[in-house]
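Reading through the structure tokens given below for one structure.
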Amino acid sequence: MIVRFFTMASYGALGIGLLAPSPSFATEAELAEAQGDGAAIVVTATRTPLEVEAAPATVTVIDSEQIADELVTDIKDLVRYEPGVSVRRAPARFGAAFGSTGRARNEDFVVRGIGGNRVLIQVDGIRSPQGFSFGAQDAGRGGYTDVSLVKSVEILRGPASALYGSDGLAGAISFTTRDPVDLIDAGNNFGGFVRASYSSADEEFAETVALAHRFGDIAAMVSYTRRDFQELDNKGGVGGVGIGRTLPNPQDGESNAVLGKLVWDDGTHRVRLAGEYVETELFTDVLSGQGPAFVFGPFPSWIVDDLTALDNTERGRASLDWTYTGEGAIDYAHVSVYYQDGEDVQFTDEDRSPLGAAPRPDRERLNTFENEVYGIAAEVRSVFGDDSFRATLALGGDLSFTRQEGLRDGTEPSFGEVFPTRAFPATDFTLGGVFLASEFALFGGRLTIFPALRYDFYDLDPTDDPLLPTFAGAAQKDSRLSPKIGVTAKMTEEVSLFGNYAQGFRAPTPYQVNNFFENLAFGYTSLPNPDLGPERSESWEGGIRFSSDRISLQIAAFKADYQGFISQQVVGGSFTPRDPAQFQFVNFNAAEIDGIEAKANFRFDSGVFARFAIAHADGDILTPGQAPRPLDTIDPLNLVAGIGYRDPARRFGGELIVTHHARKELEETTGACASDCFRPDAFMKLDATAFFAITDALRLRAGIFNISNEKYAYWQDVRGLSATAAIIDPATASAQADAYTRPGRNASISLSFQF
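All residue numbers for the sequence shown refer to this note's numbering, where the first residue is 400 and numbers rise by one.
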């Protein structure tokens, strides 16, 4: 493994590229001043740098050291100890033309019960490509980021549109990547690290190398990570082929992630040229999809002899930015331009044998989804006042031009279809906005008010697509004003209150405005909707914090209302060739969510530390003409508790972590599945992590997860699975649900050398 590590590292060192900037993030000087006492700094919540415990909303900061100590390999690991935030990952049990279960792998973040494109994800201030789902195609957003490149992650709960515009309906996940200064120790001109790691959960081997060099005012860096992995293990026990298989389908994957930056910094001005490329390729042998195919009724239509898939996800971006920090009327200014291209390609090959006289040719499917974007962002910030009154004003804006398109191609199309075709016409999508965010500190900082206001506009312009000759796409444009106000009040030096009100919105996607599918032989078609409005949210949050040298505690309650959820509905027709049913995306549902969260951290001079966090929420979907029904995307009550020891000199340490998830109550799933939903049992699992500094530069980390070898499943991973579908053979109690379980006892280890 070590030989392979250095081979991959050598290749990675050749790939220095260009990476996009972080338009609103704090400067090194601001961070150094604020972090003098070791406090975590956040910018996502207010657009101005402040300590996390001074933010008017709930924000979590996860830094690269925590990512390494917890042996995180992907975004699902990243939030496994973060109640109220989760990532959906169903097992890979999809088909060629029917079913997409697990195709997206780590599908997306879910924040306080709302996920998908309703949560903004940005890397260095640039929003990640959108996710997309149509038929057997399911393109998530988890493959667009590699955690090995990350310096820190900020998780903001609640609407973020007043600061970042569309998609900040329920929250924002902000990744910040490393700069050369993060790899070079003070007084040195060269620095970096190499790391090799292994995880038994999916047999992943990963190798990372990061190098940085400084030449006076100029610094450069490159970081490269290679991952090779197989299918994620589970607690299933049935092999073979067909739907009865509960062992994971065999997979073989690899990923490459490259980050490079070239920076000139004279202390007042900084110019940064940067780039990033992340790519994942995954082969799946879908053994669970082999056997009789029941498509048109209780009798099989054909036999699937072989079903394989090859998926590729990649994202590349390049940018140039300028930053000014100084004193005077303007304390901070930032301008950036960037280019980003993200694409998801899914290929499926299905070998079939006929039943009866009718021939059934083999089937292939090629589905793609691409977002290509050019953008510019700018911001200025000014600070003025004295000890009794201090004001920070941030004014900025951004503009992006996106070409979004997808392709559906293959052999043996469904009856009445012609390939190649598209699910929507290629569309030019313009998104822009301007914002004003402020921070007013009154009475010597005992009362701080954080108002913000943003104006956004968007314009969807579909092309005349030759692949859709009979479909006339509809253009759409609209605008939105998003306000926000937060308050923090220091009751004593240790106790403070905070509150936050915010509105959010999500613009309709090109697919929703101009969705196309048509099969007149089966009596259905689709209609564009140029009047489709944005989804909207309104959120209130309030809480209390206690903070001292040894203890930090927060309790928060929140309520969120969502309006205009976009849903596809039948708006006309009778499902006949003469009068086909007409499907159209409309603003249909509303939702209400309320909940409570608490977290605490304890630190002692001896090196002992402890943590506790818990989250619980309830919510309903409100549909016109129907009684409220539970919102099934909300996680059940979950809590995390840990106790550990960290040597004050950071030579060794470890932590025991208990995670508990309650069972989803029956009344919390009513109407969410065709029959009663499958509800995994409550579970409690124990993990242990440890590190040991062999030398000042060489560090060993290890972890054992699910120590007691529990059989468990996360609600997000099984959501939508009915209780009847979960049982394959009642006589033997063979449970398809076992395919949705997480790995049993597993271990991870890493060895890193810093120089």
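Glycine included, every Cβ here is placed at the ideal spot set by N, Cα and C.
Practice item. Look up GLN1153 in the DSSP assignment and give the residues it is bridged to. Key: PHE592
Check your understanding: With distances taken from CA atoms, which of GLN983, PRO933, GLU996 is nearest PHE957?
Key -> GLU996
Point to revise | Opposing strand residues paired with LEU1156 [DSSP bridges] | key: Nothing about residue 1156 can be reported from this structure: the residues present for the chain run from 400 to 1154 only.
Exercise for review: Take GLY898 and list the residues in its own chain whose beta-carbon comes closer than 6 Å to its own, dropping the five residues that flank it on each side.
Suggested key: VAL886, GLY941
Exercise for review: Label PRO697 either buried or exposed according to how many other C-beta atoms from any shown protein chain fall within 10 Å of its C-beta, with 16 as the threshold for buried.
Suggested key: exposed
Review point. Going by beta carbon distance, what residues of the same chain come within less than 8 Å of PHE818, once the five residues before and after it are set aside?
Key: ARG807, ASP808, GLY809, THR810, PRO812
Exercise for review: Rounded to whole angstroms, what's the CA-CA distance from ILE702 to ASP748? Just pull it up for me.
Suggested key: 14 Å
Check your understanding: Start and end of the beta strand (DSSP E) containing LYS550?
Key -> 549-556
Point to revise | Reference PHE786; option with closest CA among ALA728, GLN739, ARG845, ARG540 | key: Checking the displayed sequence, the identity of residue 786 turns out to be Asp instead of Phe. Looking at the Cα atoms, ARG845 is the closest of the given residues.
Practice item. Look at the Cβ atom of ASN988, then the Cβ atom of PHE964, and state whether they are nearer than 8 Å. Key: yes
Check your understanding: In this structure, does DSSP put GLU630 in helix, strand or coil?
Key -> coil
Point to revise | VAL621 in three-state terms, based on DSSP | key: strand
Check your understanding: How about ARG1062 and GLY1052: do their beta carbons lie closer than 8 Å?
Key -> no
Review point. Going by C-alpha distance, which of GLU934, VAL985, THR924, GLY483 is nearest PRO976?
Key: THR924
Exercise for review: For ILE554, count neighbouring Cβ atoms within 10 angstroms of its own Cβ and tell me buried if that reaches 16, exposed if not.
Suggested key: buried
Practice item. Taking ILE583 as the reference, give the member of ARG905, PHE788, LEU610 with the closest Cα. Key: LEU610
Exercise for review: Verify whether the separation of the beta carbon atoms of ASN913 and ALA873 is less than 8 Å.
Suggested key: yes
Exercise for review: Just mark ALA1138 as buried or exposed, buried being the case when its beta carbon has 16 or more other beta carbons within 10 Å.
Suggested key: buried
Point to revise | Neighbourhood of SER463 by C-beta, 7 Å cutoff - its chain only, sequence neighbours within 5 removed | key: VAL549, LYS550, SER551
Check your understanding: Is the beta carbon of TYR910 less than 8 Å from the beta carbon of PHE531?
Key -> yes
Point to revise | First through last residue of the alpha helix (DSSP H) which encompasses PRO753 | key: Segment 731-753 is the beta strand (DSSP E) holding PRO753; no alpha helix (DSSP H) there.
Check your understanding: At which residue ranges does the segment 771-838 contain complete beta strand (DSSP E) runs of 3 or more residues, listed in the order of the chain?
Key -> 788-810
Practice item. Please name the residue in ASP1116, GLU1064, PHE1003, ALA1136 whose C-alpha comes closest to that of VAL637. Key: ALA1136
Review point. Over what stretch of residues does the beta strand (DSSP E) that includes SER560 continue unbroken?
Key: Not the beta strand (DSSP E): SER560 falls in the alpha helix (DSSP H), residues 560-563.
Point to revise | Contact belief for LEU1085 with VAL1057 at Cβ below 8 Å, rounded distance in angstroms | key: 6 Å
Check your understanding: Between the C-alpha atoms of THR459 and GLY534, what's the straight-line distance to the nearest angstrom?
Key -> 35 Å
Check your understanding: Who are CYS1076's beta bridge partners in DSSP?
Key -> SER1121
Check your understanding: Taking buried to mean at least 16 other C-beta atoms within 10 Å of its own C-beta, is THR1094 buried or exposed?
Key -> exposed
Exercise for review: Could you spell out where the beta strand (DSSP E) holding GLU680 opens and where it closes?
Suggested key: 668-684
Practice item. Could you tell me if THR1140 is buried or exposed, where buried requires 16 or more neighbouring beta carbons within 10 angstroms of its beta carbon? Key: buried
Review point. Does DSSP classify PRO455 as helix, strand or coil?
Key: coil
Practice item. Note the first and the last residue of the continuous alpha helix (DSSP H) segment covering LEU477. Key: 474-477
Review point. When you compare only the Cα positions, how much space is there between PHE1154 and ILE474?
Key: 27 Å
**Study point:** Validate contact between the segment 704-718 and the segment 735-751 using beta carbons, cut 8 Å, 3 pairs
**Key:** yes
Review point. For the beta strand (DSSP E) that PRO691 lies in, which residues bound it at each end?
Key: 690-692
Point to revise | Pairwise C-alpha distance: LYS1110 and ARG625 | key: 31 Å
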